[in-house]
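Chains as they are written, first to last, in the working numbering: chain F, 4 to 312; chain W, 4 to 312; chain X, 4 to 312. Data block below; observations after.
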Amino acid sequence: MKIIGTFLDEISCDIPHQNWGPAEWDKDFAAMKAVGIEEVILIRCGFLKQIAFPSKVLMAEEGCFEPYYDYPEMFLTLADKHNMKFYFSTYESCNYWLKGNYKKEIDISKRVCEEAWAKYGHHKSFAGWYVTNEVSKKVHGIIDLFAELGKFLKDLSGGLPVMISPYIEGKKAVPSNESVLNNDEGISIEEHYKEWDEIMSGIKGAVDIVAFQDGHVDFEELYDFLVANKEIADKYGIECRTNSESFDRDMPIKFLPIKWDKLWYKLKAAERAGYEKAITFEFSHFMSPNSMYLSAGHLYNRYKEYINK
Amino acid sequence: MKIIGTFLDEISCDIPHQNWGPAEWDKDFAAMKAVGIEEVILIRCGFLKQIAFPSKVLMAEEGCFEPYYDYPEMFLTLADKHNMKFYFSTYESCNYWLKGNYKKEIDISKRVCEEAWAKYGHHKSFAGWYVTNEVSKKVHGIIDLFAELGKFLKDLSGGLPVMISPYIEGKKAVPSNESVLNNDEGISIEEHYKEWDEIMSGIKGAVDIVAFQDGHVDFEELYDFLVANKEIADKYGIECRTNSESFDRDMPIKFLPIKWDKLWYKLKAAERAGYEKAITFEFSHFMSPNSMYLSAGHLYNRYKEYINK
Amino acid sequence: MKIIGTFLDEISCDIPHQNWGPAEWDKDFAAMKAVGIEEVILIRCGFLKQIAFPSKVLMAEEGCFEPYYDYPEMFLTLADKHNMKFYFSTYESCNYWLKGNYKKEIDISKRVCEEAWAKYGHHKSFAGWYVTNEVSKKVHGIIDLFAELGKFLKDLSGGLPVMISPYIEGKKAVPSNESVLNNDEGISIEEHYKEWDEIMSGIKGAVDIVAFQDGHVDFEELYDFLVANKEIADKYGIECRTNSESFDRDMPIKFLPIKWDKLWYKLKAAERAGYEKAITFEFSHFMSPNSMYLSAGHLYNRYKEYINK
Chain F
4 MKIIGTFLDE ISCDIPHQNW GPAEWDKDFA AMKAVGIEEV ILIRCGFLKQ IAFPSKVLMA
64 EEGCFEPYYD YPEMFLTLAD KHNMKFYFST YESCNYWLKG NYKKEIDISK RVCEEAWAKY
124 GHHKSFAGWY VTNEVSKKVH GIIDLFAELG KFLKDLSGGL PVMISPYIEG KKAVPSNESV
184 LNNDEGISIE EHYKEWDEIM SGIKGAVDIV AFQDGHVDFE ELYDFLVANK EIADKYGIEC
244 RTNSESFDRD MPIKFLPIKW DKLWYKLKAA ERAGYEKAIT FEFSHFMSPN SMYLSAGHLY
304 NRYKEYINK
Chain W
4 MKIIGTFLDE ISCDIPHQNW GPAEWDKDFA AMKAVGIEEV ILIRCGFLKQ IAFPSKVLMA
64 EEGCFEPYYD YPEMFLTLAD KHNMKFYFST YESCNYWLKG NYKKEIDISK RVCEEAWAKY
124 GHHKSFAGWY VTNEVSKKVH GIIDLFAELG KFLKDLSGGL PVMISPYIEG KKAVPSNESV
184 LNNDEGISIE EHYKEWDEIM SGIKGAVDIV AFQDGHVDFE ELYDFLVANK EIADKYGIEC
244 RTNSESFDRD MPIKFLPIKW DKLWYKLKAA ERAGYEKAIT FEFSHFMSPN SMYLSAGHLY
304 NRYKEYINK
Chain X
4 MKIIGTFLDE ISCDIPHQNW GPAEWDKDFA AMKAVGIEEV ILIRCGFLKQ IAFPSKVLMA
64 EEGCFEPYYD YPEMFLTLAD KHNMKFYFST YESCNYWLKG NYKKEIDISK RVCEEAWAKY
124 GHHKSFAGWY VTNEVSKKVH GIIDLFAELG KFLKDLSGGL PVMISPYIEG KKAVPSNESV
184 LNNDEGISIE EHYKEWDEIM SGIKGAVDIV AFQDGHVDFE ELYDFLVANK EIADKYGIEC
244 RTNSESFDRD MPIKFLPIKW DKLWYKLKAA ERAGYEKAIT FEFSHFMSPN SMYLSAGHLY
304 NRYKEYINK
């Protein structure tokens, strides 16, 4: 079971920034490529006032700050160079859709993505879209948001694939800036199935790939959720991947690189459940020999041993 | 005052994993040896579903996951090579003894240790046992647990020594995954003395070494607790060491390497109180030049200067 | 907009210690100097029982612990060598002034600073004083404390300048050891102005430099507070600097190096508001190529690019 893609956590909401420039990113893309990572997915093009590129829409309408680098341009140039695929991502306002106004969220992201497509669409590595909004249930008008944005982005780009990465409302679904590690109770697999059967039914044709985050449930529960998610996705013709988180959710420091045993266990569970592709959140902090966290480099070595076995 | 032993925090409950393989561990054992560390103590052979070796007992009965490495085998091989002593540790279920069923806890650990002794007992570095359950008072049937397990392990192994490492219910005795740093009030030395006089009276003969953790009380309170602990241990013929924690309990990040001044202060307090041996929790994350935390390497250098003075 | 000074976070209250000795500090002073940092400011000479030099006053009267190094001596020697300016700082008891007895706080700090001046005043780099007490409002007798201590220190040293570094009671003014990142509501600029107009009126002549911390308000609010602070300081003839924090207040890990974009944004806001000098809290953990946090070295590189543009 191989990890073939990773998120690029620019702009981050809860992972401290590494302050890399083009040279450091070039080195990291090479490190990804060396272990078979072929796809890089921008986690979001903006979060509140922080944005990944000098978007006229976001600076004018949302008062976002001019970024120091044009990250998509940098990433696409590197993806071109390293022969990788890049997914551009929508904007996370933290305001509109989470507070009832998902139509405004759709509207902004449409215009930001139009701007991005005009600016970056010529890159050979521009390979798809990621819709950034993360949900575990059909809340905040998410079915309409995914369906309308997904269709729009495919139409805009001549049919490039659209990816989402939801989570499971499991025992470990707690806010990253709270000290607790667990809820009292996670969602049942039946309730989760029911929610996602309805959501996927509503977004089929507009969303091509669904990659559930694998870190919110207990390790021993994971397999059953993986099976359920794949079953629903298969039913609606959506490609199902696992987003195998490479950070550890069980430790007081939120977050540092995961213990290799845990990642290995999760990858094996996905393999057993019939998955063909894994992506991860994310390589550069948690699995990279270039990471600010030195244990990430050791995780890289363990993973490399595993795939070369 | 020298640190002659360290825990090996595999399997960890609250310290992020470094993802080391045999080569990294070899290097770290050499770094230990270079500053006089002669003993390595496995902190536990399992915690919930995570285990340190592919124990048939734990995989069959507790549903534990197969580990990537056989850590005891790796550690014993390295201890053989570096001429060090290794203590094997019991299993922490987090379920049975903490929820009233200490007899089941004893039963599992007995069988796991039998399995381990059969597998690893031939190593020349197999030098003793560590009973992993951490308490500050006579709760959860701990006297019977220590006494019965201790006696069993000594009988099993031809009298190898048994170690425990309790803590003091001091002001800093707060859960590692809560953000607070202090309780309102720590235990009084009188109450602590009374508890441990009773506990040590009940475990004498079964437990050979008690190494109280030194990080839960204010630095200015520590000396008095060190004196009390040694007095009780001496009374019952138990060897008394200090477990001088090398991580900092006073900082919002839980946990990073301790300030050298604090460790130095604690070691001096133990020396003044008549202690002859210190161990630490733990070298590889918090005092090692190989640690993922770079300040650990500087702590190593400060400690090396101190012991070479 | 250049950072011309940095705090030295010895003794720290919430940032883990790096355990550097003279060689590591020498290297770090050189790294500071290479990016134009000319001033180093001791954050405090003691905090609770931890102290930066073997002060007879603090060891005898406050029961403080003998420190391993004499930090002011080390820092002054290095500042002499690197041709930098050093500010000595007062003692933070955490007891007296915060609990109503600011007269005792003044009294201790006076005597500690007399001791320090006698010991260290001969160094050519001894360039000023920092009064360590951090406030956002006129609480705990702070006007009298700043005024009396400031005047005393200037008289003691032939008029060396006195600096303070208050904060703004903004949305991000939350305790470092709580997991939350935000208050419900920050102070209004009007209320802040009123408080500081009164405080600065009461300390003029005794305090020469005020450097407000810039991290407690939202980025988009910062400019207005910078303007207000400068306006008040100008009115009372106090030099106004920005203390541009180089750690990130928006992340669950408290604290790691800030994202360069954020620091860049804050520096630009101060420049726009007419500031001439920035200092930072603090270089050695958060902006240094020698930091235990590797992202600090990358921040250093980004900052170096920016000042060399």
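From the three backbone atoms N, C-alpha and C, an ideal C-beta is built for every residue, glycine too. Fair warning: this is a prediction, and the values are worked out from it, not measured in the lab.
Please name the residue or residues paired with PHE91 of chain X in a DSSP beta bridge.
X:TRP132
Residue environment, ILE310 of chain F, which counts as buried when at least 16 other CB atoms sit within 10 Å:
exposed
Show which residues of chain W have a CB atom less than 7 Å away from the CB atom of GLU194 of chain F.
Ordered by position in chain W, no residue passes the 7 Å Cβ test against GLU194 of chain F, which lies about 24 Å from the chain.
Just to confirm, are VAL220 of chain F and PRO169 of chain F a CB contact at a threshold of 8 Å?
no
Look at THR135 of chain W and ILE7 of chain W and say whether their C-beta atoms are less than 8 Å apart.
no
Please classify PRO169 of chain F: does DSSP put it in a helix, a strand, or coil?
coil
For LYS262 of chain F, count the other beta carbons within 10 Å of its own beta carbon; 16 or more makes it buried, fewer makes it exposed. Which is it?
buried
Does any residue of chain X have a CB that is nearer than 8 Å to the CB of ASN311 of chain F?
no
Hey, is HIS20 of chain F's beta-carbon within less than 8 Å of any beta-carbon in chain X?
yes
Are the Cβ atoms of TYR196 of chain W and ALA231 of chain W separated by less than 8 Å?
yes
Proximal residues to SER337 of chain X (C-beta, below 6 Å), its chain only, five neighbours per side dropped
There is simply no residue 337 of chain X to check, as chain X begins at 4 and stops at 312 in what is shown.
Could you give the distance in angstroms between the alpha-carbon of PRO164 of chain W and the alpha-carbon of ASN180 of chain F?
44 Å
Rounded to a whole number of angstroms, what is the C-alpha to C-alpha distance between SER249 of chain X and GLY300 of chain X?
12 Å
Could you name the residues of chain X that SER96 of chain F contacts, counting a contact when the two beta carbons are closer than 8 Å?
The premise fails here: SER96 of chain F is roughly 15 Å from chain X at the closest Cβ pair, so nothing lies under 8 Å.
Less than 6 Å between C-beta atoms, sequence neighbours within five positions excluded: which residues of the same chain meet that for LYS107 of chain X?
TYR99
Which residue from X:LYS127, X:LYS271, X:ASP251, X:GLU308 puts its Cα closest to that of HIS20 of chain F?
X:ASP251
Straight-line CA distance for GLU41 of chain F to ASN86 of chain F?
8 Å
For the stretch 244-259 of chain X, which residues have a CB atom closer than 7 Å to at least one CB atom of chain F, in sequence order?
ASP251, MET254, PRO255, ILE256, LEU259
Hey, is PHE68 of chain W's beta-carbon within less than 8 Å of any beta-carbon in chain F?
yes
With H, G and I counted as helix, E and B as strand and the rest as coil, what does DSSP make of PRO178 of chain W?
coil
Is PHE215 of chain W near THR245 of chain W, with beta carbons less than 8 Å apart?
yes
When burial is assigned at 16 or more other CB atoms within 10 Å of the CB, is GLU65 of chain X buried or exposed?
buried
Strictly by DSSP, which residues pair up with ARG244 of chain F?
F:ALA214
Secondary structure at PHE289 of chain F, three-state DSSP: helix, strand or coil?
helix
According to DSSP, ILE235 of chain F sits in a beta bridge with which residue or residues?
DSSP lists no partner for ILE235 of chain F.
Take every Cβ of the stretch 143-163 of chain X, pair it with every Cβ of the stretch 181-196 of chain X, and state whether three or more of those distances are shorter than 8 Å.
no
Under DSSP, the beta strand (DSSP E) around PHE10 of chain X begins and ends at which residues?
6-11
Can you tell which of W:GLU194, W:SER182, W:LEU51, W:PHE129 has the C-alpha that lies nearest to the C-alpha of GLY161 of chain W?
W:PHE129
Of the residues F:PHE78, F:GLY39, F:VAL38, which one's Cα is nearest the Cα of CYS48 of chain F?
F:PHE78
Three or more beta-carbon pairs under 8 Å between the stretch 88-98 of chain W and the stretch 114-133 of chain W, yes or no?
yes
Taking a cut of 8 Å between CB atoms, which residues from the stretch 44-58 of chain X lie near chain W?
LYS52, GLN53
Less than 8 Å separating the beta-carbons of PHE289 of chain W and LEU302 of chain W?
yes
Beta-carbon proximity check, PRO57 of chain X vs ASP264 of chain W, cutoff 8 Å:
no
Test: LEU297 of chain F CB closer than 8 Å to a CB of chain W
yes
Using CA atoms only, rank isn't needed, just tell me which of X:ALA281, X:PRO255, X:LYS257, X:MET254 is closest to TRP267 of chain X.
X:ALA281
Option nearest VAL43 of chain W by Cα separation, candidates W:GLU234, W:LEU148, W:TYR74, W:MET295
W:TYR74
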